[in-house]
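What follows is a single structure, written as structure tokens, with notes after it.
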Amino acid sequence: MEHSSERENGEGSASQYTRDMQAERHSVREALRSDLPAAHMGLGVTVIVLIVVASFSGPRWTLIVAGAFTAWFLLALAVIHIGSGRGWDAIRRAYIATFGWGNWI
């Protein structure tokens, strides 16, 4: 009898742990979620920063920063494309992955 009650307690705590982890992951996903307007905001801030960088340091650093954002976008697009994203949806998701940080400005 003792053995079966330990197994029931173990299974109960394991399922409780699973529910707790799912709830925690859901709340983190909701907190980190961004959308298209946030990505537009991030792109706008990036353009403004690029203009400021260009005015203070010239085209060299401007191209380096723009190249970094372009590389990040292309990497995100490749990963999304590999993960079965196709067409405009893949481009939209890569755009949000690149500039979605505008949500936290």
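In terms of the numbering used here, the sequence shown opens at residue 7 and continues consecutively.
All C-beta atoms, glycine included, are put in the ideal place defined by N, C-alpha and C.
| Asked | Found |
| --- | --- |
| Residue of F79, R92, G93, S90 minimising C-alpha distance to F105 | F79 |
| Alpha helix (DSSP H) segment containing D95, residue limits | 93 to 105 |
| Residue of V71, A44, G48 minimising C-alpha distance to L56 | V71 |
| CB of I102 within 8 Å of CB of S40, strictly | yes |
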